[in-house]
Amino acid sequence: MKQQRATFNSKLGLVMASVGSAIGLGNIWRFPCEAGEHGGGAFLIVYIFCVMILGLSVMLAEFFLGRASQKDAVGAFKVLAPCSMWKIAGYNGVVAAFCIVGFYSVVSGWTLEYIYQSATGNLNAGSVEEFTENFKNFTSDAFRPVLWVFIFMLITHFIVLLGVKKGIEQTSKLMMPLLFVILIILCVRSLMLPNSIEGLKFFFKPDFSKITSGVILSALGQAFFSVSVGMGCMITYASYFNKSINMPTTAVSVVALDTLVAILAGIVIFPAVTSFNISPSQGPTLVFVTLPNIFQQMPFGNLWSLIFFVLLAIAALTSIISLHEVVTAYLHEQYKMSRNKAATIVSLSGFAIGIICSLSFGVLSHIKIFGVIIFDLLDFITANLMLPLGGMFICIFVGWFINKKFLKDELTNNGTIKFRLFYVFFILIKYIAPIIIALVCINQLGLF
Ligand code: PHE
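Counting from 137, one number per residue, gives the positions in the sequence shown under my numbering.
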């Protein structure tokens with residue numbers, strides 16, 4: 137007998153779970169770091185274009201694949217295009233999810249350390265140099281960050297085991313609104329700092345001469361990373377959607393909320409960056425050095441910082457759960473493993489990659505591949521290559537190989553809801569998105 141698939145309980149729950157996957161360290165840690173390294177305002181403009189046009193289209197295409205097939209990232213291609221090579225796009229996603237878990241768990245672990253530091257009152261006194269120094273000492277340590285990765289993976293493991301409804305939906309529903317509120321409070325605080333206007337200028341005023349092919353590729357990669365598309369995460373979640381969900385409006389809500397949070401994070405970080413004279417292009421350390429500085433300017437700084445890092449850790453958790461779920465669902469459904477066994481394999485191997493990524497800041501920092509440490513390599517390959525290419529194949533598949541009427545029927549719930557922009561969406565995924573992504577990737581590889 138065919139087992140009934142799990143579905144999300146409520147409409148709100150499912151939007152929240154997808155938003156929970158999208159909003160995470162990508163918005164608050166990776167976005168400011170990429171924007172800082174790639175020219176601020178110039179990056180922001182390209183990013184908004186990429187996320188609103190390309191990210192949104194790929195998300196909707198993934199929603200279609202998931203709900204129409206009711207399968208995991210690989211299974212979806214197998215069902216909709218039996219005996220074809222398309223399942224490779226699914227494998228690309230599973231491998232990408234796995235690699236992202238590796239470096240994502242490390243940064244998630246850092247948030248736990250910061251929770252601990254705030255709770256013990258150690259995060260509220262120091263100069264920018266001291267915070268930077270402490271952060272570097274901590275991340276290059278061989279034991280402590282690894283311990284946090286372990287704890288984080290353990291929590292993830294148990295939530296994934298609780299299953300779709302209880303674990304994923306509930307966690308997301310609770311924390312998203314809270315994160316929003318605290319970000320707005322932090323924006324206000326940051327804008328009141330001296331010289332904050334310079335930071336706003338850096339973030340919002342585009343210098344078009346800074347837009348290079350590297351900037352475009354990073355913005356494209358960041359857009360896909362931030363809304364969790366290109367690797368089957370939204371395919372997997374949509375396979376749990378019930379048939380009455382309005383997928384176009386859900387996709388728009390997820391992308392809009394995600395972009396809003398990224399912009400709010402920019403408004404928190406960049407004014408503080410100019411105010412404290414921090415270099416915006418210092419990479420992954422940026423947020424972890426800037427934020428403690430903001431908190432120590434606030435009354436009850438430790439408390440604020442505690443609340444913030446707890447929320448950030450939860451945001452990271454709801455994202456890593458979705459990555460974990462991609463691989464777990466794949467193993468569970470394609471190899472008929474129990475969910476328990478599948479989740480255990482993913483958690484253990486995710487932890488193993490997490491250890492390597494964490495150590496690449498310390499004892500393994502001498503190992504450089506293409507000139508970068510393992511952590512940066514995985515970050516670059518997944519976000520800037522695997523997700524855009526995965527997204528491109530998803531668009532080509534849905535645009536060229538899926539029957540157009542079938543696509544339209546599924547996206548309009550058999551004509552019961554309106555999707556006025558269907559033809560715009562169709563042209564986007566059939567022609568525009570694949571061409572843009574291909575040009576950006578080819579250009580970046582230096583092939584023309
Ligand atoms: N979107 C998540 C974030 O912004 C990261 C993520 C990427 C999650 C890809 C799932 C898939 O933090």
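Glycine included, each C-beta is placed from N, C-alpha and C at the ideal position.
Bear in mind that the values here come from a model prediction, so they are computed numbers and not experimental data.
Under 8 angstroms Cβ to Cβ from M152, same chain only, skipping five residues before and after it: list those, please. Position 16 of the sequence shown, counted from the first residue, corresponds to residue 152. Excluding sequence neighbours, M152 sits near E305, S308, K309 and M312.
Between the beta-carbon of L447 and the beta-carbon of I318, is there less than 8 angstroms? Numbered from its first residue, the sequence shown carries residue 447 at position 311. Numbered from its first residue, the sequence shown carries residue 318 at position 182. A contact, by the Cβ cut-off of 8 angstroms.
Taking DSSP as the reference, what is the three-state secondary structure of I505? Along the sequence shown, one-based indexing puts residue 505 at 369. I505 falls in the strand class under three-state DSSP.
Pair every Cβ in the region 524-542 with every Cβ in the region 157-173, then say whether three or more of these pairs are closer than 8 angstroms. no
Alpha-carbon to alpha-carbon, F445 and N135: The question about residue 135 has no answer, for the chain in this structure spans 137 to 584.
In chain order, what residues of the same chain lie with their CB nearer than 6 angstroms to the CB of L216, ignoring the 5 residues before and after it? Numbered from 1 along the sequence shown, position 80 holds the residue referred to as residue 216. Same-chain partners within the cutoff: S205.
Is the separation between the beta-carbon of I381 and that of L150 shorter than 8 angstroms? Indexing the sequence shown from 1 puts residue 381 at position 245. Indexing the sequence shown from 1 puts residue 150 at position 14. Result yes, Cβ atoms of I381 and L150 sit closer than 8 angstroms.
Please confirm whether L201 and A212 have their CB atoms less than 8 angstroms apart. Your numbering for residue 201 matches position 65 in the sequence shown. Your numbering for residue 212 matches position 76 in the sequence shown. Contact: yes.
Pair within 8 angstroms by beta-carbon distance, T454 and S157: Taking the sequence shown and counting its residues from 1, the one referred to as residue 454 is at position 318. Taking the sequence shown and counting its residues from 1, the one referred to as residue 157 is at position 21. Yes. Within cutoff.
Within 10 angstroms of its Cβ, does L422 collect 16 or more other Cβ (buried), or is it exposed? Position 286 of the sequence shown holds residue 422. By the 10 Å Cβ count, L422 comes out buried.
Counting only the same chain and skipping the five closest in sequence on each side, list residues whose C-beta sits under 8 angstroms from that of G585. The question about residue 585 has no answer, for the chain in this structure spans 137 to 584.
Is it a yes or a no for the region 494-513 touching the region 280-296, going by three-plus beta-carbon pairs under 8 angstroms? yes
Give the range of the alpha helix (DSSP H) segment to which M289 is assigned. Indexing the sequence shown from 1 puts residue 289 at position 153. Run containing M289: R280 to L298, per the alpha helix (DSSP H) assignment.
Flag this pair as touching only if the region 456-466 and the region 358-374 have three or more C-beta atom pairs under 8 angstroms; answer yes or no. yes
Considering only their Cβ atoms, is the gap separating S411 from S332 smaller than 8 angstroms? Here the question's residue 332 lines up with position 196 in the sequence shown. Here the question's residue 411 lines up with position 275 in the sequence shown. Yes.
Please classify M152: does DSSP put it in a helix, a strand, or coil? Along the sequence shown, one-based indexing puts residue 152 at 16. Helix at M152.
If distances are taken between C-alpha atoms only, which option among L327, C219, K272 and S220 comes closest to M434? Position 298 of the sequence shown, counted from the first residue, corresponds to residue 434. Out of L327, C219, K272 and S220, L327 has the C-alpha closest to the C-alpha of M434.
Segment contact, 8 angstroms Cβ cut-off, at least three pairs: the region 385-404 with the region 243-254: no
Helix, strand or coil for K207? Go by DSSP, reduced to three states. Taking the first residue of the sequence shown as 1, we reach residue 207 at position 71. Three-state DSSP puts K207 in coil, outside helix and strand.
Taking P330 as the reference, give the member of G245, F406, P384 and N378 with the closest Cα. In the sequence shown, residue 330 corresponds to position 194, counting from 1. Nearest of G245, F406, P384 and N378 to P330, Cα basis: F406.
Can you tell me where the alpha helix (DSSP H) holding H174 begins and where it ends? The residue given as residue 174 occupies position 38 in the sequence shown. Careful: H174 lies outside any alpha helix (DSSP H) and carries neither H nor E.
Test item: CB-CB of L628 and A451 under 8 angstroms: Past the boundaries of the shown model lies residue 628; the chain is included only from 137 to 584, so the question cannot be answered.
Taking DSSP as the reference, what is the three-state secondary structure of P330? As a working mapping, residue 330 is identified with position 194 in the sequence shown. Coil.
Using only the heavy atoms of the ligand PHE, determine whether one of them is closer than 7 angstroms to the beta carbon of N163. For the purposes of this step, residue 163 is taken as residue 27 along the sequence shown, with counting starting at 1. Result yes, Cβ under 7 angstroms from the ligand PHE.
Using three-state DSSP, classify A217 as helix, strand or coil. Residue 217 sits at position 81 when you count from the first residue of the sequence shown. Coil at A217, not helix or strand.
What separation, rounded to the nearest whole angstrom, lies between the Cα atoms of V230 and T548? Residue numbering aside, residue 230 sits at position 94 when the sequence shown is read from its first letter. Residue numbering aside, residue 548 sits at position 412 when the sequence shown is read from its first letter. V230 and T548: Cα-Cα distance of roughly 28 angstroms.
Which of helix, strand or coil DSSP assigns to K346: As a first step, residue 346 is located in the sequence shown; it is residue number 210 there, counting from the start. Reduced to three states, the DSSP call for K346 is helix.
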